[in-house]
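*Asks:* Starting off with a structure, shown below.
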Amino acid sequence: MARFWVCAAAAVFSLAFLILHSCYCGPPMLRSFVFVNRWTPEKPLYRLDLDWPKYSEMFTGTPFCVAVDSANGLVYVAQRGDNIPKILVLSEDGHLLRAWNYTVDTPHGMFAASTPYEQTVWITDVGSGSFGHTVKMYNSFGDLVQVLGTPGKKGTDLNPLQFDNPAELYIEDTGEIYIVDGDGGLNNRLLKLSPDFMMLWLHGESGTGPTHFNIPHSVTVDSAGRVWVADRGNKRIQMFDKVTGEWLGMWDDCFTEEGPSSVRFTADGKYVFFAQLNLSRLSFVAAPPAGSVGRCSVVSTIQLADQVSPHLVDVDRKTGAIYVAEIGAKQVQKYIPSSS
12 MARFWVCAAA
22 AVFSLAFLIL
32 HSCYCGPPML
42 RSFVFVNRWT
52 PEKPLYRLDL
62 DWPKYSEMFT
72 GTPFCVAVDS
82 ANGLVYVAQR
92 GDNIPKILVL
102 SEDGHLLRAW
112 NYTVDTPHGM
122 FAASTPYEQT
132 VWITDVGSGS
142 FGHTVKMYNS
152 FGDLVQVLGT
162 PGKKGTDLNP
172 LQFDNPAELY
182 IEDTGEIYIV
192 DGDGGLNNRL
202 LKLSPDFMML
212 WLHGESGTGP
222 THFNIPHSVT
232 VDSAGRVWVA
242 DRGNKRIQMF
252 DKVTGEWLGM
262 WDDCFTEEGP
272 SSVRFTADGK
282 YVFFAQLNLS
292 RLSFVAAPPA
302 GSVGRCSVVS
312 TIQLADQVSP
322 HLVDVDRKTG
332 AIYVAEIGAK
342 QVQKYIPSSS
């Protein structure tokens, strides 16, 4: 009974503190927490890095995507808003290094590709202005290097490189490019391009069958040669062979409530994880072995605060850190492996 009254007193004190903090210090940041069933011995895979970024006020708009240059320890954040820098460049310890706002209208997805000879940042732009409906490559200082698509002009699937709201892209170390085109536009497709932007294979049309899409929103490639697509509107993930484009299978049993908005693999390749926007949740599934699609069985979950709305994510392949762009909370959060 004494323990009950101690716990009750602690709860009242905590509630009073939060009320006073809200009154005098403003609302707290929408931080996340890891949901773990208290009746199981599960250990969280990741924990929130409370020291990143150093100053949350640097997010002056709404961050829609994040990309990590693991080789150089850089984190790129693309945000939307008026009269703000669209691209922020941060260090992996959370310091703002520089910002730029050139030829970017409405960023949606982003990928950082780095070689010993150059650093590039690719952005999918879904804006309706003069820079929209394109996939663009910049150097690390914001100079425009390459444009795929016709700026400001929506395309149809009759022209493979004419985009309509391109959602995201993924670039392998070989330079081969995977693009999901169709964040609510007319196109619903997955493209693979060679390093010199020649079409290698293409899948997609609107629908619910294999190789059909309804808002293909995110794409990634694993070490086993499989391409994973977050088919958000169809509430599933589809898998393809990266060489031939052959359809390998799909996961839909994890998405009865909501489809995935983003899909990535942990740095060690042990887990595939996905974000669900309206559920404000990240879920981790054991990656199936090569040659198998496996089953979608969630082994760990990070439950974010209500209305945080994780949109797109990326992974630091060197440190294992996960970065989450949150359009509801208007911030980017960093998670590090619990073992670190």
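Mapping the sequence shown onto this note's numbering, position 327 (from 1) lands on 338, and the numbers just tick up by one.
Backbone N, C-alpha and C fix where the C-beta goes; we use that ideal spot for every residue, glycine too.
Note that the structure is predicted; figures quoted are calculated from it, not measured.
Helix, strand or coil, according to DSSP, for residue 179 in the structure here?
*Replies:* strand
*Asks:* Where DSSP assigns a beta bridge to residue 69, which residues make up the other side?
*Replies:* As computed with DSSP, residue 69 is found in no beta bridge at all.
*Asks:* Quick one: grab the DSSP three-state call for residue 120.
*Replies:* Under the three-state reduction of DSSP, residue 120 is assigned to strand.
*Asks:* Count the CB pairs spanning the segment 144–154 and the segment 97–113 that are closer than 8 Å, and state whether there are at least three.
*Replies:* Touching, per the Cβ criterion.
*Asks:* Is the distance from the Cβ of residue 224 to the Cβ of residue 179 below 9 Å?
*Replies:* no
*Asks:* Three or more C-beta pairs under 8 Å: does that hold for the segment 204–217 against the segment 178–192?
*Replies:* yes
*Asks:* Report all residues from its chain with a CB closer than 6 Å to the CB of residue 331; omit the five preceding and five following residues, and keep chain order.
*Replies:* Only residues of its own chain outside the window of five on either side were considered, and among them 278 and 348 have a CB closer than 6 Å to the CB of residue 331, listed in chain order.
*Asks:* If you compare alpha carbons, which of 127, 193, 142 and 239 is closest to residue 114?
*Replies:* 142
*Asks:* Any beta carbon of chain D sitting closer than 9 Å to that of residue 305?
*Replies:* Protein chains in the displayed structure number just one, and chain D is not present.
*Asks:* Could you check the C-alpha separation between residue 163 and residue 75 for me, to the nearest Å?
*Replies:* 20 Å
*Asks:* Looking at the strands, I want to know which residues DSSP matches up with residue 213.
*Replies:* 202
*Asks:* Starting from the C-beta of residue 232, find all residues in its chain whose C-beta is less than 7 Å away, skip the five residues before and the five after it, and write them out in chain order.
*Replies:* 181, 183, 189, 238 and 253
*Asks:* Taking all protein chains shown into account, do 16 or more other C-beta atoms lie within 10 angstroms of the C-beta of residue 66, making it buried, or fewer, making it exposed?
*Replies:* Exposed is the call here.
*Asks:* For residue 264 and residue 226, which I take to be in contact (beta-carbon distance under 8 Å), what is that distance rounded to the nearest angstrom?
*Replies:* Not really, about 19 Å apart at Cβ, beyond 8 Å.
*Asks:* Three-state secondary structure (DSSP) at residue 243?
*Replies:* helix
*Asks:* Pull up the distance between the alpha-carbon of residue 289 and that of residue 337, whole angstroms please.
*Replies:* Rounded to the nearest whole angstrom, the C-alpha separation of residue 289 and residue 337 is 11 Å.
*Asks:* If you compare alpha carbons, which of 335, 79 and 139 is closest to residue 132?
*Replies:* 79
*Asks:* Apart from the five residues just before and just after residue 125, which ones in its own chain have a Cβ nearer than 8 Å to its Cβ?
*Replies:* 80, 81, 82, 83 and 131
*Asks:* Leaving out the 5 sequence neighbours to the left and right, which residues in its chain are closer than 6 Å to residue 245 when beta-carbon positions are compared?
*Replies:* 219 and 225
*Asks:* Given a threshold of 16 other Cβ atoms within 10 Å of its Cβ, counted over all protein chains shown, does residue 321 qualify as buried or as exposed?
*Replies:* buried
*Asks:* Return yes when the Cβ of residue 77 is within less than 9 Å of the Cβ of residue 334, no when it is not.
*Replies:* Yes, Cβ-Cβ distance for residue 334 and residue 77 is below 9 Å.
*Asks:* Count the other C-beta atoms from every protein chain shown that fall within 10 angstroms of the C-beta of residue 156, then say buried if there are 16 or more, exposed otherwise.
*Replies:* With fewer than 16 other Cβ atoms within 10 Å, it is exposed.
*Asks:* By alpha-carbon positions, which one of 302, 215, 228 and 212 ends up nearest to residue 236?
*Replies:* 302
*Asks:* Just the Cα atoms here: how many angstroms apart are residue 350 and residue 328?
*Replies:* 16 Å
*Asks:* First and last residue of the beta strand (DSSP E) that includes residue 312?
*Replies:* Per DSSP, residue 312 belongs to the beta strand (DSSP E) from 309–314.
*Asks:* Can you name the residues that DSSP bridges to residue 251?
*Replies:* 238 and 258
*Asks:* Taking only three categories from DSSP, how would you classify residue 321?
*Replies:* strand
*Asks:* Helix, strand or coil: which one does DSSP assign to residue 139?
*Replies:* coil
*Asks:* Look at the Cβ atom of residue 260, then the Cβ atom of residue 243, and state whether they are nearer than 9 Å.
*Replies:* no
*Asks:* Whole angstroms is fine: what's the gap from residue 319's alpha carbon to residue 292's?
*Replies:* 9 Å
*Asks:* So, for residue 280: in the same chain, excluding its five sequence neighbours on each side, which residues have a beta-carbon less than 8 Å away from its beta-carbon?
*Replies:* 233, 234 and 298
*Asks:* Quick one: residues in its chain with C-beta nearer than 6 Å to the C-beta of residue 45, no 5 flanking neighbours on either side, listed in chain order?
*Replies:* Reliability of the predicted coordinates at residue 45 is poor, the pLDDT of 48 falling under 50, and the value obtained from them is presented with this limitation in mind. These residues qualify, in order along the chain: 55 and 313.
*Asks:* Less than 9 Å between the C-beta atoms of residue 177 and residue 160, yes or no?
*Replies:* yes
*Asks:* Beta carbon of residue 225: closer than 8 Å to some heavy atom of the ligand FAD?
*Replies:* The ligand FAD is not part of the structure shown, which contains no ligands of any sort.
*Asks:* Would you kindly work out how many angstroms separate the C-alpha atoms of residue 33 and residue 128, rounded to a whole number?
*Replies:* Residue confidence for residue 33 is low, a pLDDT of 39 falling below 50, so the modelled location carries little weight; the figure read from the coordinates is stated next. About 49 Å.
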